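A.B. asks: Handing you a structure now.
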Amino acid sequence: MKTLRFAIATGFGWLLAGGAQGAPPNAAGPDPRVMQMQVVLDHLGFSPGVVDGKPGASLKRALAGFQQAKGLPATGEMDPRTAAAVGRFGATPPVAEVTLSAADLAGPFVGPIPKREDQQAKLPSLGYSNPLEMLAERYHTTPATLIALNSPDTPMKAGTKIKVPNVATAGRAYPASLPDGYKRTLAGLNVDSSQPQADRLVVDKSDKTLSVYDAAGKLVARFPVTTGSRHDPLPIGRWKVLGASYNPEFHYNPRLFWDARKGDRKATLPPGPNGPVGVVWLDLSRAHYGIHGTPEPQNIGRTESHGCIRLSNWDAARLSLMVKPGTPAIFQP
């Protein structure tokens, strides 16, 4: 069996020995100061989305959300008052070193995911393509960022130490009512079991955020989201969360998709983090609409959806611990 290694090919992309494909790395490398800010906000529940050491709109929105929660001017810029409000989390190192285990590399991994739904339906699952993709989601980042943090010659085998964004959490006391498989999903995504409880959700189309408020009206979490498209706009109004489907199958109905190909037929896609709705679906009182994960976290807030509210898998999983049936979901322009 070939040893998998981090490898960068020709400056335009990277390859895993054995032929698996991935995304191009950032030639400049992650900025440790930016990554530390992302890591801190991730721990505090104000998600910057992908933790990659790059500044951007999602990071500014996350920081502005934290500032709003603390009663500070929501500038989206780090300043002395914001740094003081961060408190002990401000000393969190941006990068941690972890040791790969045999279980990390055992899979099963499914290889490249086909584009067509009828082909995806034939797979046993829509699991991770390879170990690098799985590790990237576990540490709330991208394969390219992991490559940038490690030597190109780092072997991916049990016992190897690798550098990752420092987002790991310790809380694993998940509600007993959750399926065991979903508890493993939560642990695999580094989602802490201790989460604030939502009194209402507010999805802001223009800001591309989902905000969580508690019963006292306090902002307690914020996530970057994708919120629809010209063909399937966000349904403005007041809705409710009806319930959750964990590690769900996806029932593809071409009649509901404006961009379906001619000749497409209904298909049931198996569950998995690479499925169209990721690891969790939060059903809404508006028919055919939900809040869910995605197989492409790097595209959150940058591409369009078919009307639903799309988050990274780790943010969607975290949100699933905050809501319950009946939680109001307010969608605003």
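Under the working numbering, the residue at position 34 of the sequence shown is numbered 21, and the numbers go up by one with no gaps. Don't be surprised by glycine CBs; every beta carbon is placed ideally from N, CA and C. Source: prediction; values computed, not measured.
(1) Taking the alpha-carbon positions, what's the L306 to L59 distance?
(2) Can you tell me which of the three DSSP states G114 falls into?
(3) Go to I317, then tell me how far its beta strand (DSSP E) extends in each direction, as first and last residue.
(4) At what residues does the beta strand (DSSP E) containing T255 begin and finish?
(5) Spatial neighbours of D194 within its chain, please: CB distance less than 8 angstroms, with the 5 preceding and 5 following residues excluded, ordered by chain position.
(6) Per DSSP, D270 is paired with what?
(7) Does the distance from the CB of V38 to the CB of V85 come in under 7 angstroms?
(8) Mark P12 as exposed unless 16 or more other C-beta atoms lie within 10 angstroms of its C-beta, in which case mark it buried.
(9) Going by beta carbon distance, what residues of the same chain come within less than 6 angstroms of G114, once the five residues before and after it are set aside?
(10) In three-state DSSP terms, what is T132?
(11) Apart from the five residues just before and just after G230, which ones in its own chain have a Cβ nearer than 6 angstroms to its Cβ?
(12) Can you tell me whether V73 is helix, strand or coil according to DSSP?
(13) So, helix, strand or coil for E64, using DSSP?
(14) Per DSSP, R297 forms a beta bridge with which residues?
(15) For K148, write down the residues that DSSP places opposite it in a beta bridge.
(16) From A61 to A51, what does the alpha carbon distance come to, in whole angstroms?
(17) Please report the straight-line C-alpha distance between L206 and D167, rounded to a whole angstrom.
(18) Count the other CB atoms within 10 Å of the CB of D140; is the residue buried (16 or more) or exposed (fewer)?
(19) Which two residues bound the contiguous alpha helix (DSSP H) that contains V26?
(20) Over the uninterrupted alpha helix (DSSP H) stretch that includes D105, give me the two end residues.
(21) Among A44, G277, E64, R187, which has the Cα closest to the Cα of D201?
(22) Who are the near neighbours of T255 in its chain, counting only those whose CB is closer than 8 angstroms to its CB and skipping five residues on each side?
(23) Based on Cα-Cα distance, which residue from K170, L173, A163, P222 lies nearest to K192?
C.D. replies: Reading off the structure:
(1) 24 angstroms
(2) coil
(3) 315 to 319
(4) 254 to 256
(5) R48
(6) G230, G277
(7) no
(8) With a pLDDT of 43 at P12, under the threshold of 50, the modelled position of this residue cannot be trusted; read the value that follows with caution. Label assigned to P12: buried.
(9) V97, G259
(10) helix
(11) D270, P312
(12) helix
(13) coil
(14) T213, H279
(15) T86
(16) 4 angstroms
(17) 30 angstroms
(18) exposed
(19) 19 to 31
(20) 104 to 107
(21) R187
(22) A108, E236, F237, H238, Y239
(23) P222
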